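> All residue numbers for the sequence shown refer to UniProt numbering, where the first residue is 1 and numbers rise by one.
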Amino acid sequence: MTDEKALAELGRLRASIDNLDAALVHLLAERFKCTQRVGELKASAAMPPADPAREEYQIKRLRGLAESSGLDPQFAEKILGLIIEQVIRNHRSLQEK
């Protein structure tokens, strides 16, 4: 492969990565809009901010999706863990209002 072709392919790949990163940010924003509403419902019903059974289910489900997609399940679990931690923090702050 020539340097010119390699640079052109690199540019195409980086453009795809940029698009995927933007999609991930938008998807996370949408997810947090939904979890915000869940937190509001929990706060109004005096429900606990965390739901360990739901979290366990989500982790198992995401690990399965990761495996079937060729993504490292441990990596996927770490990402979901970060998201869940933030959601719980958000839910706690709603209950403190």
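Ideal Cβ placement from N, Cα and C applies to all residues, glycine included.
Keep in mind that this is a model prediction, so the values were computed, not measured.
Using a Cβ distance threshold of 8 Å, determine whether the region 80–90 contacts the region 54–72, with at least three qualifying pairs required.
yes
> With a cut-off of 8 Å on the beta carbons, I'd call A50 and I88 a contact; round off their distance for me.
For this step, residue 50 is matched to residue 50 along the sequence shown. For this step, residue 88 is matched to residue 88 along the sequence shown. Going by Cβ atoms, the distance from A50 to I88 rounds to 5 Å, so yes, they are a contact pair.
> Count the other CB atoms, across all protein chains shown, that sit within 10 Å of the CB of H26; report buried if there are 16 or more and exposed otherwise.
The count along the sequence shown starts at 1 and reaches residue 26 at position 26. H26 is classed as exposed because its beta carbon has fewer than 16 other beta carbons within 10 Å across all chains shown.
> Just to confirm before moving on: does the CB-CB distance between A53 and R63 stay below 8 Å?
Here residue 53 is taken as the residue at index 53 of the sequence shown, counted from 1. Here residue 63 is taken as the residue at index 63 of the sequence shown, counted from 1. No; because the gap between Cβ atoms is not below 8 Å, this pair is not in contact.
> Using C-beta distances below 7 Å, list every residue in its chain close to T2, excluding the 5 sequence neighbours before and after it, in chain order.
Within the sequence shown, the letter at position 2 stands for residue 2. None.
> Which term fits G39, buried or exposed, when burial requires 16 or more other beta carbons within 10 angstroms of its beta carbon?
Here residue 39 corresponds to residue number 39 of the sequence shown, with the count starting at 1. Answer is buried; the Cβ neighbour count reaches 16.
> Please report whether the beta-carbon of T35 lies at a distance below 8 Å from any beta-carbon of chain D.
Reference to chain D is not applicable here, since this structure consists of a single protein chain.
> So A43 packs on Q95, CB below 8 Å; how close in whole Å?
What you label residue 43 is simply residue 43 of the sequence shown in a count that begins at 1. What you label residue 95 is simply residue 95 of the sequence shown in a count that begins at 1. Contact flag correct, Cβ pair sits at about 5 Å.
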